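Data first, discussion second: the structure below is written as structure tokens.
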Amino acid sequence: MSAATAELLAIHDLRLQFRSMRGLVKALDGVELTVHDGEILGLVGESGCGKTITGLAVLGLLQRPQAEITSGAILYRGDDLLAKTDAQMQKLRGRDISMVFQDPLASLNPVFAVGNQIEDVVRLHKGVSRKEARETTYKALASVGLPPDKDTFKRYPHQFSGGMRQRVCMAMALACGSPLLIADEPTTALDVTIQAQILNLLLKLRAELDVAQILITHNVGVAAQTCDRIAVMYAGSVVEEGPVSEVLKRPHHPYTIALYQCLPHGRTAAELQTIPGTVPDLIDPPTGCRFHPRCSHVMEICPTAKPQPVKAAERHWVSCFWAAEGAGLSAGPFRPPTPPDAPGTDDGAPA
Ligand SMILES: Nc1ncnc2c1ncn2[C@@H]1O[C@H](COP(=O)(O)OP(=O)(O)OP(=O)(O)O)[C@@H](O)[C@H]1O
Ligand code: SF4
Ligand SMILES: [Mg+2]
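Each number in the working numbering corresponds to the 1-based position in the sequence shown with 265 added.
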């Protein structure tokens with residue numbers, strides 16, 4: 266891959282299934298995604314659409330043999346991660362790509378002080394002395410706004426508040442200087458004030474350390490405030506992707522339009538809209554476009570074929586027959602790599 270595209274991560278046609286007692290769960294159905302150096306990409310969608318497992322697939326953390334990647338490629342700086350050995354992936358995790366997990370308490374070891382946990386990660390990945398690892402740990406704590414002192418270092422996970430615990434996880438993820446952070450619902454369990462602090466921290470990490478991020482969230486409003494681009498997932502596929510302001514001001518996919526209409530925008534509870542129907546059972550997913558049983562624009566072709574991404578505007582892609590027909594868009598079997606955004610050029614504000 267050409268360095269000129271500045272693509273840090275590119276996921277192509279990623280298909281993944283789980284073996285379960287009830288049968289095969291066809292969880293990812295051809296995911297397409299790109300992240301560029303220094304940008305924040307929001308990955309949004311309803312519960313169960315595949316946001317977390319996409320992140321886990323990138324890091325090689327899916328449990329085998331239950332999880333099986335059946336096709337696709339995950340390119341990190343052009344290098345296919347799916348071709349790497351477990352040992353190679355272990356070295357890459359934390360050094361090149363880090364993840365803050367959906368449940369911060371579960372991802373920290375309750376019986377070790379947090380400072381020691383961060384220090385161990387630094388020693389493992391950087392092979393430095395304990396003294397150097399301790400200095401790096403203090404710097405990492407400071408970078409996420411925690412006091413870089415012995416008191417913080419020696420505390421156990423349960424001695425932190427939810428927001429502080431989230432910061433500890435970010436410090437651990439960033440301590441080795443990885444240029445890509447996957448943050449899985451980092452604000453979900455937090456009250457609005459702390460939520461704002463964590464989102465500001467993500468922006469600060471990008472501004473000061475140039476850390477590119479995939480911000481996984483079911484909250485479109487959170488993505489609108491924080492991200493440069495947004496990828497909307499539905500039932501295992503990215504159905505629309507583009508600059509935040511473009512996708513939210515001019516959504517083309519019926520699912521994105523419906524998601525946007527569900528945002529409060531000052532409406533009362535009685536006025537709030539919902540998307541009819543439920544997320545499909547991925548053991549027996551709908552044929553063709555997986556959204557078709559819930560779609561208010563369904564066409565004859567929709568249950569019979571899967572729509573391919575078509576260009577809706579500059580750097581804006583949508584996979585929908587109705588959107589393509591309405592806008593007179595021409596479909597192609599594959600889309601080219603998305604050119605990089607200039608971070609900060611989008612206002613991120615929905616209309
Ligand atoms: N180990 C597993 N075995 C079987 N199915 C699984 C397994 N892990 C995940 N899945 C299924 O894969 C799909 C995607 O799950 P995932 O956790 O990625 O959703 P998500 O978008 O992160 O949802 P949420 O917003 O609730 O976190 C779901 O249908 C889920 O039930
Ligand atoms: S492809 Fe068809 S069913 Fe799917 S979102 Fe578009 S119109 Fe609706
Ligand atoms: Mg999840």
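Using N, Cα and C, we set each Cβ at its ideal position, and we do this for glycine too. Given the structure is predicted, the values throughout are model-derived calculations rather than measurements.
Query raised in the report: Roughly how many angstroms separate the alpha carbons of R559 and I540, rounded to a whole number?
Result: To locate residue 559, count along the sequence shown from 1; it is residue 294. To locate residue 540, count along the sequence shown from 1; it is residue 275. Taking the straight line from one Cα to the other gives about 8 angstroms.
Query raised in the report: Among R388, F283, K469, E333, which has the Cα closest to the Cα of K356?
Result: On the sequence shown, position 91 is the one that residue 356 refers to. The shortest Cα separation from K356 among R388, F283, K469, E333 belongs to R388.
Query - Residue burial classification, G613 (beta-carbon count within 10 angstroms, cutoff 16) - result: Counted from its first residue, the sequence shown places residue 613 at position 348. Summary for G613: the model assigns pLDDT 36, below 50, so the residue's position carries little reliability; its value from the coordinates is reported in the next sentence. Taking every protein chain shown into account, the CB of G613 has 16 or more other CB atoms within 10 angstroms, so this residue is buried.
Query raised in the report: Considering only the beta carbon of each residue, do D294 and Q367 sit closer than 8 angstroms?
Result: The residue you call residue 294 lines up with position 29 of the sequence shown. The residue you call residue 367 lines up with position 102 of the sequence shown. One thing to note: D294 has its Cβ no nearer than 8 angstroms to the Cβ of Q367.
Query raised in the report: Exposed or buried, what is D456 when buried is set at 16 or more other beta-carbons lying within 10 Å of its beta-carbon?
Result: As a working mapping, residue 456 is identified with position 191 in the sequence shown. Exposed, since its Cβ has fewer than 16 Cβ neighbours within 10 Å.
Query raised in the report: In terms of residue numbering, what span does the beta strand (DSSP E) encompassing T401 cover?
Result: Residue 401 sits at position 136 when you count from the first residue of the sequence shown. According to the DSSP assignment, T401 belongs to no beta strand (DSSP E) but to the alpha helix (DSSP H) extending over 395 to 408.
Query raised in the report: V476 by DSSP, collapsed to three states: which one?
Result: In the sequence shown, residue 476 corresponds to position 211, counting from 1. V476 falls in the coil class under three-state DSSP.
Query raised in the report: Does the Cβ of Q424 have 16 or more other Cβ atoms within 10 Å, making it buried, or fewer, making it exposed?
Result: Within the sequence shown, numbered from 1, the residue matching residue 424 stands at position 159. Exposed is the call here.
Query raised in the report: Any heavy atom of ligand 2 closer than 7 angstroms to the CB of V563?
Result: Within the sequence shown, numbered from 1, the residue matching residue 563 stands at position 298. For ligand 2, at least one heavy atom lies less than 7 angstroms from the Cβ of V563.
Report task. Could you spell out the range, first to last residue, of the alpha helix (DSSP H) harbouring T319? Result -> One-based indexing of the sequence shown puts residue 319 at position 54. Where T319 is concerned, the enclosing alpha helix (DSSP H) starts and stops at 316 to 323.
Query raised in the report: Three or more C-beta pairs closer than 8 angstroms, one from the segment 493 to 509 and one from the segment 328 to 335: is that the case here?
Result: Between the segment 493 to 509 and the segment 328 to 335, the count of Cβ pairs shorter than 8 angstroms is below three; the stretches do not touch.
Query raised in the report: Rounded C-beta distance between L466 and Q478? I'm assuming under 8 angstroms.
Result: Reading the sequence shown from its first residue, position 201 is the one you call residue 466. Reading the sequence shown from its first residue, position 213 is the one you call residue 478. Contact between L466 and Q478 is absent: CB atoms are separated by about 11 angstroms, not below the 8 angstroms threshold.
Requested in this report: Throw me the rounded Cβ distance for the A292 and M364 pair, which I believe falls under 8 angstroms.
Outcome: By one-based count along the sequence shown, residue 292 stands at place 27. By one-based count along the sequence shown, residue 364 stands at place 99. Actually they are not in contact, since the Cβ atoms of A292 and M364 sit about 18 angstroms apart, beyond 8 angstroms.
Query raised in the report: From V379, L513, G591, pick the residue whose C-alpha is nearest to that of G486; which is it?
Result: Here residue 486 refers to the residue found at position 221 of the sequence shown. The candidate whose alpha carbon is nearest that of G486 is L513.
Query raised in the report: So what does Y499 bridge to, in DSSP terms?
Result: Within the sequence shown, the letter at position 234 stands for residue 499. The partner list for Y499 (beta bridge, DSSP) reads S502.
Query raised in the report: L279: buried (16+ other C-beta within 10 angstroms of its C-beta) or exposed?
Result: Within the sequence shown, numbered from 1, the residue matching residue 279 stands at position 14. Under this definition L279 is a buried residue.
Report task. Determine the burial state of D606: buried for a count of at least 16 other Cβ atoms within 10 Å of its Cβ, exposed for fewer. Result -> Along the sequence shown, read from residue 1 onward, the residue named residue 606 stands at position 341. Unreliable positioning characterises D606 in this predicted model, as indicated by a pLDDT of 48, which lies under 50. The coordinate reading is nonetheless provided below. Answer is buried; the Cβ neighbour count reaches 16.
**Report entry** Cα-Cα separation, V544 to S561
**Finding:** For the purposes of this step, residue 544 is taken as residue 279 along the sequence shown, with counting starting at 1. For the purposes of this step, residue 561 is taken as residue 296 along the sequence shown, with counting starting at 1. Counting only the Cα atoms, S561 lies some 15 angstroms from V544.
**Report entry** Contact check, V583 vs H518, beta carbons under 8 angstroms
**Finding:** In the sequence shown, counting from the first residue as 1, residue 583 sits at position 318. In the sequence shown, counting from the first residue as 1, residue 518 sits at position 253. V583 is a Cβ neighbour of H518, given a cutoff of 8 angstroms.
Query raised in the report: Which stretch, first to last residue, makes up the alpha helix (DSSP H) that contains L439?
Result: Position 174 of the sequence shown, counted from the start, is the residue given in the question as residue 439. L439 -> alpha helix (DSSP H) spans 427 to 439.
Requested in this report: Within its chain, find whatever has a CB closer than 8 angstroms to the CB of A269; leave out the 5 residues flanking it on each side and keep chain order.
Outcome: The count along the sequence shown starts at 1 and reaches residue 269 at position 4. Below a pLDDT of 50, predicted positions are generally treated as unreliable, and A269, at 42, falls in that range; no measurement from the model is reported.
Query - For R471, the three-state DSSP class (helix, strand or coil) - result: Sequence index remark: in the sequence shown, residue 471 carries index 206 (1-based). R471 falls in the helix class under three-state DSSP.
Query raised in the report: What residues in its chain sit with their C-beta under 6 angstroms from that of I459, if we drop five residues either side in the sequence?
Result: Stepping through the sequence shown from its first residue, residue 459 is reached at position 194. Once the five neighbours on either side are set aside, the close Cβ partners of I459 are G428.
Query raised in the report: Thinking C-alpha only, which one of L340, V376, L324 is nearest D351?
Result: Numbered from its first residue, the sequence shown carries residue 351 at position 86. Nearest C-alpha to D351: L324.
Query raised in the report: With respect to 7 angstroms, is the separation between the Cβ of A588 and the closest non-hydrogen atom of ligand 2 below this value?
Result: Locating residue 588 in the sequence shown gives position 323, where the first residue counts as 1. At a cut-off of 7 angstroms, the beta-carbon of A588 counts as near ligand 2: some heavy atom of the ligand is closer than that.
Query raised in the report: DSSP beta-bridge partners for F283?
Result: Within the sequence shown, the letter at position 18 stands for residue 283. For F283, the pairing in a beta bridge is given by DSSP as V290, A332.
Query raised in the report: Excluding sequence positions up to five away, which residues of its chain have a Cβ less than 8 angstroms from the Cβ of D475?
Result: Locating residue 475 in the sequence shown gives position 210, counting from the first residue. Once the five neighbours on either side are set aside, the close Cβ partners of D475 are D302, G303, P444.
Query - Beta-carbon proximity check, V290 vs I447, cutoff 8 angstroms - result: By one-based count along the sequence shown, residue 290 stands at place 25. By one-based count along the sequence shown, residue 447 stands at place 182. Not in contact: V290 and I447 (Cβ atoms no closer than 8 angstroms).
**Report entry** Sequence-distant residues of its chain with Cβ nearer than 6 angstroms to P572 (five each side left out)
**Finding:** Against the sequence shown, residue 572 aligns to sequence position 307. C554, S584, C585, F586.
Query raised in the report: With a CB to CB cut of under 8 angstroms and the five nearest residues on each side skipped, what residues in its chain are close to A588?
Result: For the purposes of this step, residue 588 is taken as the residue at position 323 of the sequence shown. Within the same chain, H517, H518, P519, V575, A577, L594 come within 8 angstroms of A588 by CB-CB distance, once the 5 residues on both sides are set aside.
Query raised in the report: Nearest to H627 by alpha carbon, out of T299, D361, T452, N381?
Result: Residue 627 is absent from the structure shown; the chain starts at 266 and stops at 616.
Report task. Would you please state the rounded distance, in angstroms, between the beta carbons of A436 and L464? I believe it to be under 8 angstroms. Result -> As a working note, residue 436 is residue 171 in the sequence shown. As a working note, residue 464 is residue 199 in the sequence shown. Rounded, the Cβ-Cβ distance is 17 angstroms, inconsistent with contact.
Query raised in the report: To which residues of the same chain is Y525 closer than 8 angstroms at the C-beta, ignoring the five residues directly before and after it?
Result: In the sequence shown, residue 525 corresponds to position 260, counting from 1. So the list reads V485, L513, P516, P615, once near-sequence residues are dropped.
Query - Sequence-distant residues of the same chain with beta carbon closer than 8 angstroms to P568, five excluded per side - result: Locating residue 568 in the sequence shown gives position 303, counting from the first residue. For P568, where only same-chain residues beyond five positions count, the Cβ hits under 8 angstroms are P551, T552, G553, C554, H557.
Query raised in the report: Just to confirm, does K291 get its C-beta within under 7 angstroms of one of the non-hydrogen atoms of ligand 1?
Result: Taking the first residue of the sequence shown as position 1, residue 291 is located at position 26. No, since every heavy atom of ligand 1 falls outside the 7 angstroms radius drawn around the Cβ of K291.
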